[in-house]
Amino acid sequence: MAIKGFEILLWFLIIPLAAGNLPVFETGKEKDWFVRMADALICGYVLLFAVFELLALPLIFTRQSFAVLKYSYEILVCVLALAGVIFAWKNKKNRADGAERKKSLSRKKIPAAMWLAFLLVAIQMGAYVFGMATDLDDAFYVATATTTLETNGMFTYDAYTGMLASYLPARYVFAPFPILLAFYSDMVHMHAAVVAHTVEPVFFLLISYLVYWKIGRKLFDKDDRKVGLFLLFLVLIQMFSYYSVYTQGTFLSIRIWQGKALLASFVLPAIFLQAKECMETNRMCGAWVTLFLMMTSACLVSGMGIMLAPIMLGLMTLLYAVKDRNWGNIKRAVICCLPNVICAAAYVIIR
23 MAIKGFEILL WFLIIPLAAG NLPVFETGKE KDWFVRMADA LICGYVLLFA VFELLALPLI
83 FTRQSFAVLK YSYEILVCVL ALAGVIFAWK NKKNRADGAE RKKSLSRKKI PAAMWLAFLL
143 VAIQMGAYVF GMATDLDDAF YVATATTTLE TNGMFTYDAY TGMLASYLPA RYVFAPFPIL
203 LAFYSDMVHM HAAVVAHTVE PVFFLLISYL VYWKIGRKLF DKDDRKVGLF LLFLVLIQMF
263 SYYSVYTQGT FLSIRIWQGK ALLASFVLPA IFLQAKECME TNRMCGAWVT LFLMMTSACL
323 VSGMGIMLAP IMLGLMTLLY AVKDRNWGNI KRAVICCLPN VICAAAYVII R
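Our numbering puts the first residue of the sequence shown at 23, with every later residue one more than the last.
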């Protein structure tokens, strides 16, 4: 049990946190240590998702075994995490600032609304760990992961029937999120259904609410009282959104292990926040690279992300271009959308 707990923390917390410290994300520039940790965790997941998408698609289309993808991705992820640790260790100035900020945070009063929001988020996590919610879509998502592990093939067998597939499923092949579930299941030595229903939701909820918290800080100019109220009401709205199976709150609270739910709960809000940061501050390089990785992550988690993410980014870019009379960001936004455009074009060709 202790070993499994360590493996879960390693792959779902430690490695993403380490990878998110790479200099391209510019997380070291943030003086507040907690904000820096949140940024690192969010960016780490985005990086790992994007790398998996870029690595998995060529291997799937060339009919490579799952073992090839597993070992290649495992090595690459460990290298990225190690590089992030080395960079964070060498960045002594930021680590010193972080220690000072940690002391100041201990003296900083956290609003009651923020504490209550944290409690409600913990309750949501507990519901995933100690409760059980089944969904008809598991017949494909979880079955694809278990079939991948049992056969060592990726989309080579029909997840519904177990029969040998004569062609790649165009609807799902560009979003191989179930294959990532198979990878995590193999790494933590647990059944894919357990990882999907119990393990992944805890960490996916965490990164989703970290994004919402950062959005609140952006909207309310880092006013902790207002941000706490914003987060509290947002959590309450999410918890009471199960009046339909199609609401964002349902995706977050009931079925976040599915790619389309993670798209609505984490990826699209993260793209909104990052695009807003890029447009308003005219930041270069690192911020746009992060946005590019987020757009690639949208392709991984769901086929809908291939279209919805560039539509949202395109609308935001045009609005800011008209508002600020600055058209220079359009070409950068187009570059960020290239993974989505390539996947969409390939889908049309093979469909």
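Virtual Cβ for every residue (Gly too), placed ideally from N, Cα, C.
Assigned secondary structure, residue i (DSSP; H/G/I helix, E/B strand, else coil)
| i | result |
| --- | --- |
| L186 | strand |
| Y150 | helix |
| Y93 | helix |
| Y268 | coil |
| M338 | helix |
| H211 | coil |
| A380 | Outside the displayed range of the chain (23 to 373) lies residue 380, so it cannot be described from this structure. |
| P133 | coil |
| T156 | coil |
| F377 | Any property of residue 377 remains undetermined from this structure, which presents the chain solely from 23 to 373. |
| F196 | coil |
| I278 | coil |
| P191 | coil |
| R347 | coil |
| N174 | coil |
| R247 | helix |
| N113 | coil |
| L6 | Since the first residue shown for the chain is 23 and the last is 373, residue 6 is missing from the structure and cannot be characterised. |
| L104 | helix |
| L44 | coil |
Segment limits, alpha helix (DSSP H) that includes residue i
| i | result |
| --- | --- |
| W235 | 222-241 |
| N351 | 351-358 |
| F74 | 55-83 |
| G29 | Note that residue 29 is Glu in the sequence shown, not Gly. Start and end: 24-31. |
| S263 | Per DSSP, S263 belongs to no alpha helix (DSSP H) and is neither H nor E. |
| G281 | 281-284 |
| S87 | Note, S87: premise wrong, no alpha helix (DSSP H); not H, not E. |
| A40 | 37-41 |
| K319 | Looking at the sequence provided, one finds Ser at residue 319 rather than Lys. Where S319 is concerned, the enclosing alpha helix (DSSP H) stretches over 308-323. |
Neighbourhood of residue i by C-beta, 7 angstroms cutoff - its chain only, sequence neighbours within 5 removed
| i | result |
| --- | --- |
| R354 | W310 |
| L284 | F226, I278, V323 |
| A366 | I328, M329 |
| C358 | W310, L313, F314, M317, L335 |
| P361 | M317, T318, C321 |
| F74 | Y95, L202, L322 |
| K240 | L295, K298 |
| W15 | The displayed coordinates of the chain run from 23 to 373. Any statement about residue 15 would go beyond what the structure contains. |
| L30 | According to the sequence displayed, residue 30 carries Ile and not Leu. Closer than 7 angstroms at Cβ, skipping near neighbours: V210, V221. |
| A62 | L39, G42, N43, T49 |
| L35 | F225 |
| V151 | T220, V224 |
Cβ neighbours of residue i in the same chain (closer than 8 angstroms, five flanking residues each side left out)
| i | result |
| --- | --- |
| I37 | G66, L70, V99, C100, A103 |
| L171 | F88, A204, S207, D208, A214 |
For residue i, the residue or residues it bridges with in DSSP
| i | result |
| --- | --- |
| Y179 | L186 |
6 angstroms CB neighbourhood of residue i in its chain, flanking five on each side removed
| i | result |
| --- | --- |
| W349 | A343 |
| G106 | A40, A41, N43, L44 |
Touch test, the region 217-224 against the region 100-116, Cβ-Cβ under 8 angstroms, three pairs minimum: no
Would you check if there are 3 or more beta carbon pairs closer than 8 angstroms linking the region 180-194 to the region 251-266? no
Does the region 194-204 come into contact with the region 161-171, if we say contact requires no fewer than three beta-carbon pairs (one atom in each stretch) closer than 8 angstroms? yes
How about the region 142-152 and the region 253-260: do they share at least three Cβ pairs that are nearer than 8 angstroms? yes
Taking 8 angstroms as the threshold, find out whether the region 337-356 comes into contact with the region 231-250 through three or more Cβ pairs. no
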